[in-house]
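Going line by line, the protein sequences match chains A and B.
Take 379 as the starting number for the first sequence in the working numbering and just add one per residue.
Take 4 as the starting number for the second sequence in the working numbering and just add one per residue.
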Amino acid sequence: MSKLHTILVFAQNKRGVLERITILIRRKMYNLETITASDTEVEGIKRITITFTQGDADKIPQIVAQINKIVEVISVKTVDSANTVEREILLVKIKRPRNLSEITSLVNIFRGSVVDLSEQTVILQVAGERKKILGFITALKQFEILEIGSSGIVAMER
Amino acid sequence: MSSKKMNGASVLLKTLQDFGIEIMTGYIGGAIMPTFDELINFPGIRFITSRHEQGAGFIAQGYTRACGKLMPVMVTSGPGATNLVTAVADAMMDSVAFLAITGQVSTKVIGTDAFQESDIIGLMYPITKYAEMLLKADDVAEAVARSVFIAQNGRTGPVCIDIPKNVQIEETENIDAPKALDLPGVQTYPPIDPDLPEIKQAIDLIKEAKKPVALVGHGVILSQAKIELREFLEKTNIPASFTLHGLSSLPASHPLNLGMMGMHGEIEANRAIENADLLIALGMRFDDRVTGKLEEYAKNSKVIHIEIDPSEINKNVKADVAINGDLRNVLQVLIAKFDGLTKEATDSRQAWFDSINQNRELSRKYYKHIFEYGYGKNNRLLMSRIIHELSEFTKGQDNIVTDVGQHQMQAAKFYKFERFNTWFTSGGLGTMGFGLPAAIGVKIARPNEEVWCITGDGSFQMNIQELGTILQEKLNINILLLNNGYLGMVKQWQDMFHNENFTEVELTNPNFAKIAEGYGIAYRFVEKVEDIIPALQWSKQETRSTIVEFACDEQEIVYPMIPSGWTFDRMILNEDHALEILNKRK
């Protein structure tokens with residue numbers, strides 16, 4: 379897979395901030411991979427993690443400068459992946475196999491868990507770096523995958 | 004907090020008044036009526052009713068560009084607000100401080116597709132610095148203060164306040180704006196540190212440059228760096244070329260003035276840029292009309308970029324030295340730090356100015372037929388000649404407002420601006436219809452000065468309804484209608500790049516004399532060169548507004564031209580050269 383560029387934004391929790399950011403990304407024709415927003419340790423401040431695909435490498439300083447112009451944005455920076463923890467959570471729904479142990483052993487290898495079990499389906503959860511997430515999906519190819527959903531990347535510098 | 008109560012509408016107007024607003028423009032309608040109701044209680048605020056919300060937007064732009072003060076534009080919801088959108092987008096592109104106040108349907112019905120409801124915040128986000136809807140009367144004072152601040156600070160631009168009808172009516176005790184605003188994302192510019200390494204790097208490049216050119220943009224006007232620009236250029240002995248919006252920042256008669264650069268720039272300006280070893284960009288953004296083919300632009304020169312908006316640095320052209328700050332302040336520092344050119348640089352200046360002067364001669368040669376004859380192939384007047392006569396007649400001292408098209412380019416080229424900030428046009432967005440309402444705004448800001456609105460038959464009819472505003476406000480504006488019966492600039496492109504396929508550019512025009520009569524405007528028709536000056540004289544002496552209609556030649560082409568995406572070395576110099584380079588010689 380290609381390397382992602384990650385931008386970390388801290389912004390005041392006001393209406394429209396996320397919309398302004400996504401409008402910018404569309405208008406400037408950047409390739410958005412994931413975007414997540416969540417609370418922080420400070421009330422009223424949101425952290426937004428945005429990842430772009432590699433093709434946009436030379437455009438990253440420009441998007442950082444553009445996002446920085448949004449009035450509610452307190453800070454924005456590209457993060458150095460060598461010095462950053464990046465995680466996402468993946469949920470996968472598969473058709474329940476005859477032998478459940480096949481799936482549990484695979485999930486264990488990836489330090490994931492079975493989070494739901496029904497007569498027809500199993501929902502699995504794995505958290506980790508994108509490389510691991512993609513590896514897990516590849517390993518699941520022998521099963522019948524019904525649905526895939528992931529949280530998008532959350533990044534935190536050391 | 005005061006115990007006095009006011010409704011949201013009154014708080015809005017009071018806050019504007021507290022921030023020194025003396026005049027507003029716009030158009031009344033359902034969702035903004037409560038605020039218009041309160042205008043009567045604010046006699047210190049004059050209101051100009053336009054005939055269309057877009058007209059109001061350009062009236063405000065003309066006013067703000069001419070006097071630097073905000074003129075809020077107040078319109079109703081739905082169509083009132085959507086009509087304003089073009090003027091807001093134009094203000095964004097041209098960095099003009101602008102405050103749009105749009106009425107909105109009541110909060111109870113927002114989202115139900117109520118009568119005259121539209122998502123104005125959604126529409127405004129991509130074309131404003133900031134936009135917000137107010138949900139409580141309690142928030143109005145602070146929001147207005149915030150918007151006024153954002154519009155006028157950093158790189159100036161448009162801001163929108165969307166205010167639902169019930170919020171205008173609701174009462175609040177919050178009638179005063181807070182002293183301090185919490186605005187992390189708005190950059191303000193304290194004086195820069197003269198010991199910044201970039202200052203030294205810039206000075207070193209300037210000292211050693213053998214073939215430097217300054218690229219002067221709108222930032223010089225916006226930062227009021229009139230004296231500093233001149234002093235910087237004179238002290239460093241650097242010639243200057245100008246973006247469309249940089250025009251009028253240095254007197255045209257100044258020996259270092261090379262005129263406009265870019266697509267329709269002067270030969271001397273474009274050749275200097277092409278051959279320079281150092282480009283000093285002062286408050287400009289390397290628009291595609293300025294650079295031509297970007298990959299080849301400034302390939303052999305160093306670039307110093309001084310700019311207020313950090314996102315403009317390295318956006319189009321990579322800077323060797325970038326200084327982010329208010330241009331006037333940066334120029335003051337550079338002037339103070341500059342201690343003379345190196346001997347090599349001094350010695351090479353003469354050759355540099357010699358080559359510039361050769362190109363000036365070439366320009367004069369190619370413009371000879373304009374100055375000596377003044378008619379085109381169909382024996383009708385050349386726009387360039389009309390502008391030249393205007394320039395001579397007014398000695399370059401008056402306010403020039405244009406629309407968009409050939410007349411605009413010829414005005415930019417042939418009006419010799421001698422006074423700072425006397426040129427008003429729509430650059431980035433290139434909005435036809437800008438001229439007439441913007442001229443109204445300039446006239447309101449400078450009531451004792453002459454204002455000339457140079458327009459074409461296409462552009463004039465895009466906001467011709469604003470003649471009604473002139474009538475109502477009893478304004479005295481000189482309208483020069485350069486009528487060639489065509490959308491001339493589009494026709495020029497069809498002629499040069501679309502196989503002379505003149506589709507949809509010929510206009511069947513109304514009787515402009517009768518239109519003038521209907522609006523109480525004096526009118527004259529001119530078709531001979533010798534009648535131009537007398538008509539201008541007559542227009543100036545008239546105490547009401549005038550339209551002078553000129554019979555212009557539809558075969559006029561604006562030269563020189565660097566076609567879109569071409570390199571500077573392929574600048575088309577004149578008609579003969581065009582036939583050759585476009586393979587059209589028959």
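Glycine is no exception: its CB is placed at the ideal position from the N, C-alpha and C atoms.
Could you tell me the boundaries of the beta strand (DSSP E) in which residue i lies?
i, result
"V492 (chain A)", "491-495"
"E509 (chain B)", "Looking at the DSSP string, E509 (chain B) is not in any beta strand (DSSP E), and its letter there is neither H nor E."
"F388 (chain A)", "383-390"
"L483 (chain B)", "481-486"
"T434 (chain B)", "Careful: T434 (chain B) lies outside any beta strand (DSSP E) and carries neither H nor E."
"E375 (chain B)", "Premise fails: E375 (chain B) lies in the alpha helix (DSSP H), 371-375, not in any beta strand (DSSP E)."
"Y133 (chain B)", "133-136"
Using CA atoms only, rank isn't needed, just tell me which of the options is closest to residue i.
i, options, result
"I423 (chain A)", "A:S491, A:E535, A:E522, A:V387", "A:V387"
"N586 (chain B)", "B:D572, B:H501, B:E364, B:T511", "B:H501"
"R158 (chain B)", "B:V407, B:Y300, B:M287, B:L297", "B:M287"
"R292 (chain B)", "B:M263, B:V306, B:S366, B:A117", "B:M263"
"V3 (chain B)", "B:D401, B:Q107, B:V151", "Because chain B in this structure spans residues 4 to 589, residue 3 (chain B) falls outside the shown range and cannot be described."
"I575 (chain B)", "B:Y128, B:N273, B:K139", "B:N273"
"W541 (chain B)", "B:P450, B:I482, B:A442, B:G65", "B:I482"
"I428 (chain A)", "A:I385, A:K381, A:L524", "A:I385"
"T246 (chain B)", "B:K229, B:V219, B:P258, B:I270", "B:V219"
"S453 (chain A)", "B:Q190, B:T67, B:G160", "B:Q190"
"S6 (chain B)", "B:G47, B:M74, B:S98, B:E174", "B:E174"
"A134 (chain B)", "B:A140, B:D141, B:A146", "B:A146"
"A414 (chain B)", "B:H308, B:H267, B:P440", "B:H267"
"L484 (chain B)", "B:V551, B:N466, B:L474, B:Q475", "B:V551"
Measure the alpha-carbon distance for residue i versus residue j and round it to whole angstroms.
i, j, result
"N303 (chain B)", "D323 (chain B)", "12 Å"
"E392 (chain B)", "L344 (chain B)", "40 Å"
"L330 (chain B)", "A339 (chain B)", "14 Å"
"V445 (chain B)", "D312 (chain B)", "26 Å"
"P439 (chain A)", "S314 (chain B)", "8 Å"
"R508 (chain A)", "A460 (chain A)", "14 Å"
"F571 (chain B)", "T400 (chain A)", "36 Å"
"M379 (chain A)", "G527 (chain A)", "Caution applies to M379 (chain A), whose pLDDT of 49 falls short of 50 and renders its modelled position unreliable; the model cannot decide the point."
"M127 (chain B)", "Q468 (chain B)", "25 Å"
"M4 (chain B)", "A180 (chain B)", "Only weak support exists for where M4 (chain B) lies, its pLDDT of 48 falling under 50; the value from the coordinates is given anyway. Computed Cα separation, rounded: 10 Å."
"G408 (chain B)", "T549 (chain B)", "21 Å"
"F22 (chain B)", "V493 (chain B)", "43 Å"
"L490 (chain B)", "W496 (chain B)", "10 Å"
"S121 (chain B)", "M136 (chain B)", "12 Å"
"L87 (chain B)", "G29 (chain B)", "9 Å"
"M9 (chain B)", "E269 (chain B)", "57 Å"
"S109 (chain B)", "P75 (chain B)", "22 Å"
"I26 (chain B)", "I51 (chain B)", "8 Å"
"E545 (chain B)", "L384 (chain B)", "24 Å"
"E509 (chain B)", "V91 (chain B)", "29 Å"
"I584 (chain B)", "W569 (chain B)", "12 Å"
"I31 (chain B)", "T405 (chain B)", "27 Å"
What residue range does the alpha helix (DSSP H) around residue i cover?
i, result
"G444 (chain B)", "438-448"
"C163 (chain B)", "It is not in any alpha helix (DSSP H) - C163 (chain B) instead sits in the beta strand (DSSP E) that spans 161-167."
"D579 (chain B)", "578-584"
"G506 (chain A)", "Where G506 (chain A) is concerned, there is no enclosing alpha helix (DSSP H), although the beta strand (DSSP E) it sits in stretches over 499-506."
"Q495 (chain B)", "491-500"
"M77 (chain B)", "Where M77 (chain B) is concerned, there is no enclosing alpha helix (DSSP H), although the beta strand (DSSP E) it sits in stretches over 76-78."
"K543 (chain B)", "535-544"
"H308 (chain B)", "Run containing H308 (chain B): none in the alpha helix (DSSP H); it sits in the beta strand (DSSP E), 305-310."
"G268 (chain B)", "Segment: none, G268 (chain B) is in no alpha helix (DSSP H) and carries neither H nor E."
How about residue i: is its Cβ closer than 8 Å to a heavy atom in the ligand GDP?
i, result
"I448 (chain A)", "With respect to the ligand GDP, the structure offers nothing, as it holds no ligand at all."
Considering only DSSP beta bridges, list what residue i is partnered with.
i, result
"G527 (chain A)", "A:L469"
"N402 (chain B)", "B:V454"
"M27 (chain B)", "B:F50"
"E552 (chain B)", "B:L484, B:F528"
"S416 (chain A)", "A:R425"
"W426 (chain B)", "B:I403"
"S567 (chain B)", "BP columns for S567 (chain B) are empty, so no partner."
"Q107 (chain B)", "B:P167"
"N486 (chain A)", "N486 (chain A) is not bridged to any residue."
"T462 (chain A)", "A:E535"
"V454 (chain A)", "A:V387"
Beta strand (DSSP E) runs wholly inside the region 287-351 of chain B, at least 3 long, in chain order: 305-310, 324-327
Segments of 3+ residues assigned as beta strand (DSSP E) that fall wholly inside the region 139-207 of chain B: 161-167
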